[in-house]
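Under the numbering used here, the residues of the sequence shown are numbered 2 to 342, in order. Positions of the beta carbon are idealized from the N, C-alpha and C atoms, including for glycine. Here's the structure we're looking at; comments come further down.
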Amino acid sequence: MGDILIVSMHFGILNASGVVLATYPSLIMSSLLLGVIHTINLATERITTQNVTFASSLAHPFWVQKYCPFHEHDGTPRCCSCERMESRETRYAALKDGRKLCLECLESAIMDTVDCQPLYIDIQKFYEGLNMKVEQQIPLLLVERQALNEAREGEKHGHYHMPETRGLCLSEEQTISTILRRPRNGTGNRAKKMKTEPYKLSRRCEVTAILILYGLPRLLTGSILAHEMMHAWLRLQGYPNLSQDVEEGICQVLAHMWLESKLKSGSGSNVASTSSSASTAPKSSMISQYERELGVFFKHQIKSDISPVYGDGFRAGQQAVHQYGLQETLNQIWMTARFPY
């Protein structure tokens, strides 16, 4: 015969040695709790008891915000930027596309395309400072999540994307018609006898736009824009088709470099930003203490990413840049389509 499992939730406080100091029939504790599981074997009528421990709270790996495990699945809002959970004392701002933003992240959020232009100029200057000027004037648009996802689905290049896309570099390879052969001398209209065939310029590409998800803090928006600008630079420079980990990895390296430059300089952008959607008062270009913490968090996200494309790609690219320098790393990618090792 089988066993009957009876679970009695006798919760108790444990000391460092695992000894129960006190028990309570039902109590939510902020430390480890003890559950006693009784199993009755119907054949022998023997009762066995097993002690198991439960973690009564979880914590965000960066912010160390503690919360009940039930909030992982009960619909408690998370900030779409810093990932912290909404507490009972505060209410997050709701964006039109359903995302939630904490009030601290909302302070430096970039809400529309006009608001983002000073940041765009700042990142263009950042690339110029690396001797990587993006020659083409690429339109920058801030869009809602649905528009970004639709653009991603229509993209021809098939690049790897995270489940939540926050930026996109749209480009098209050009196809021109070239002369197939000239007609020989003879009668008739020579112009009508000219034949053409399509010829694909595999190393010429036009970047049509950069799309960024609206409503994200200045430093997060900037890091996403720096990432997408690197995609644009690679395509405009005629780099060969790269594996996903190499292309996304080097783009993450540039995003990380830009964040580091902002945290070192202490400014969010070189030009004060103004929001046409929220306020006409200028936002300070200086980084607040919370923005600085956000910048460190965004760097932490890039460095601790466990995905094989973005995470492993970044770590391989970062190691190559540290060992050989950015320019030599880019030269090796041009010649071999791989990071130097």
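The C-beta distance from I124 to L217 rounds to 14 Å, too long to meet the 8 Å contact threshold.
Taking every protein chain shown into account, the CB of I251 has 16 or more other CB atoms within 10 angstroms, so this residue is buried. With 16 or more neighbouring CB atoms inside 10 Å of its own CB, S172 falls in the buried class. For the pair C81 and E87, the CB atoms are not nearer than the 9 Å cut-off.
Here the C-alpha atom of K300 lies approximately 30 Å from the C-alpha atom of E207. For Y215, the closest alpha carbon among the candidates L102, L104, D113, G99 is that of D113. Here L255 has A227, H228, M231 as same chain residues with Cβ atoms under 7 Å from its own Cβ, once five neighbours each way along the sequence are excluded. With a threshold of 16 other beta carbon atoms within 10 Å, H323 falls short and is exposed. Under the 10 Å beta carbon count, T222 is surrounded by 16 or more other beta carbons and is classified as buried. Straight across, the Cα-Cα distance linking E105 with M336 is about 45 Å. Taking the C-beta atoms as reference points, E129 is found no nearer than 9 Å to L237.
As the crow flies, the alpha-carbon of L169 is around 36 Å from that of E90. Judged by DSSP in its simplified three-state form, G267 adopts coil rather than helix or strand. Under a 10 Å Cβ-count criterion, T330 is classified as buried, with 16 or more other Cβ atoms of the shown protein chains found around its own Cβ. In the same chain as P309, and ignoring 5 residues on each side of it, the C-beta atoms closer than 7 Å to its own belong to D246, in chain order. Its chain contains E108, S109 as the residues whose beta carbon lies nearer than 8 Å to that of S289, once the 5 sequence neighbours on both sides are disregarded; these appear in chain order. With 16 or more other Cβ atoms inside 10 Å of its own Cβ, K101 counts as buried.
V144: member of the beta strand (DSSP E) spanning 141 to 144, first to last residue. Burial state of G99 is exposed, judged by a 10 Å Cβ sphere holding fewer than 16 other Cβ atoms.
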